[in-house]
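See below for the structure under consideration.
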Amino acid sequence: MRKYVFAYPRLFWYLAGLFLCLSACLPPDAQHRASAKISAIEALSSQSGSLGFARALKPRPFVFPQDAGPHPDFQTEWWYYTGHLSTSAGRDFGYQLTFFRRGLKPGLARKDNAWATHQIYFAHLALSDLQNQQFYAQERWQRGSLGLAGAQAQPFKVWLQNWQVQTLPDGSTALQAQNQDFELRLKLSSRKPVVLHGQAGLSQKSPQAGNASYYYSQTRLQSEGSLKLKGEQWAVKGQSWLDREWSTSVLSKQQVGWDWFSLQLDDGRELMLYQLRNRDPGKNSNERDQRKDPISSGSLIDKEGKKTALQASDFQIEVLGQWQSPHTGVVYPSGWRLSLPKYALKLELQPLQKDQELRLSFAYWEGAVQVSGAGLSGKGYVELTGYEHRFGAK
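Per my numbering, residue 8 is the first one in the sequence shown, and the count goes up by one each step.
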């Protein structure tokens, strides 16, 4: 249920407009360098640009492979891959590869002009080298034209230049991405059915009608391939997780961020939770607290893939510690205890690396965690947004 820049539509439209101006006069390599320097600053325009886009108002049938591809009638969409990988010698890594699509206007652009586009794509690539406690992250932006970036349903493919994910003839998925630090090539094979979160895939984010997304996941993707880092290369195996969402909505004015958890337990179950955090109306608007929005929710998936929908009252999240970024000064939670009394489930989560902060056009923490409990263990990913003291501050 992500991504933070879309919670600030004025900010997005400023960044998007600046990017399009740059892309009109710079070659692709220069575009990457320029976009990397765009800071997350307050935007100058108040136009959100959502007029005319479809909204997630009620449950709908999910049809595959069509719903693996883009939904240009909706303004915002993402393909979000995270995973844990290990070498044969036991060296562990975490990774993230995410593609975002943002519609500038509804529908598809005219086909008689190769430059024409209604879409901006950007992507985040990150690697956690857990042995050496090193973290690598990069961002790219690109217009959805000239074959530079895009998405399609049949055969499924989403790409931004040489970062791409696509379906293979055997039904598995190939993921590949590289930058100046590392290169990742994986084959992903789903071992469980698709999970539709919320009400048959309709995931409500605030009480207002249309402030919702269509949201599904593939929670157990067997992963194998190769990883090259700083001149060394290994064969790797592990498990990945895909989150897919599309919507035309933002957080309510009362919501300041979220804590999102995707956990793969060694007993074959998975757990997804997100806790939306509200601003305390009695405090100064620049301050943040930890009030859980009652619309927070999640999914508990059993070994066979059956989903149990979770409401905010079904779980409690206790923060066990904090970590302050030496780069941005932001203080993030670090370590959690998750309790689901109705399901006799109590889990403790600890980051496998403290510094997993992505400092890109906007800063957020997304990282690999270790899961432990009574007779249970596992791994997961956690995303933390809205903890900065002021947007874009260092």
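Backbone N, C-alpha and C fix where the C-beta goes; we use that ideal spot for every residue, glycine too.
TODO: For the beta strand (DSSP E) containing ILE308, list its first residue and its last residue.
DONE: 304–308
Task: From ILE308, PRO358, ALA351, TYR281, residue whose alpha carbon lies closest to that of ILE324 - done: TYR281
Open item on the list: So VAL263 and ARG284 are supposed to be a Cβ contact under 8 Å. How far apart are they, rounded?
Closed with: Their Cβ separation, rounded to whole angstroms, is 6 Å, which keeps VAL263 and ARG284 in contact under 8 Å.
Open item on the list: Does the structure place the region 151–168 close enough to the region 115–133 that three or more beta carbon pairs sit under 8 Å?
Closed with: Result yes; three or more Cβ-Cβ pairs closer than 8 Å.
Task: Cβ-based burial, SER384 [other Cβ within 10 Å; buried from 16] - done: By the 10 Å Cβ count, SER384 comes out exposed.
Open item on the list: Check whether chain B comes within 8 Å of SER259, counting only Cβ atoms and requiring the distance to be less than that.
Closed with: Looking for chain B here will not work: only one protein chain is present.
Task: Extent of the continuous beta strand (DSSP E) run through TRP248 - done: 239–254
Open item on the list: Could you check whether ALA370 and LEU359 sit closer than 8 Å to each other, using their CB atoms as the reference points?
Closed with: Contact flag unset, no.
TODO: Note down, one range per segment and in chain order, each beta strand (DSSP E) of at least 3 residues found wholly within the region 318–366.
DONE: 323–326, 329–331, 338–340, 343–347, 352–358, 364–366
- [ ] Please go through the same chain and pick out, in chain order, the residues whose beta-carbon is closer than 8 Å to the beta-carbon of GLN329, but skip the five residues on each side of it.
- [x] VAL338, TYR339, PRO340, SER341
TODO: Can you have a look at ARG147 and say buried or exposed, based on whether 16 or more other CB atoms are within 10 angstroms of its CB?
DONE: buried
Task: PHE106 and TRP85 closer than 8 Å at C-beta - done: yes
TODO: Give the straight-line distance between the Cα atoms of ALA219 and LYS65, rounded to the nearest whole angstrom.
DONE: 9 Å
TODO: Less than 8 Å between the CB atoms is what I'm expecting for SER93 and LYS244, so what's the real figure, rounded?
DONE: 6 Å
TODO: Kindly indicate which residue of TYR350, VAL202, SER210, GLU355 has the alpha-carbon position closest to the one of LEU258.
DONE: SER210
Task: Beta-carbon separation (whole angstroms), GLN240 vs SER247, contact threshold 8 Å - done: No, GLN240 and SER247 are not in contact; Cβ-Cβ is about 19 Å, not under 8 Å.
- [ ] Using the Cα positions of TRP6 and GLY305, report the straight-line distance between them to the nearest angstrom.
- [x] Outside the displayed span of the chain (8 to 401) sits residue 6, for which this structure offers no information.
Task: Per-residue DSSP class, three states only, for VAL216 - done: Sequence check: residue 216 is Ala here, not Val. Looking at ALA216 - three-state DSSP - the assignment turns out to be coil, as it is neither helix nor strand.
Open item on the list: I need the straight-line Cα distance from TYR350 to GLN318, nearest angstrom please.
Closed with: 13 Å
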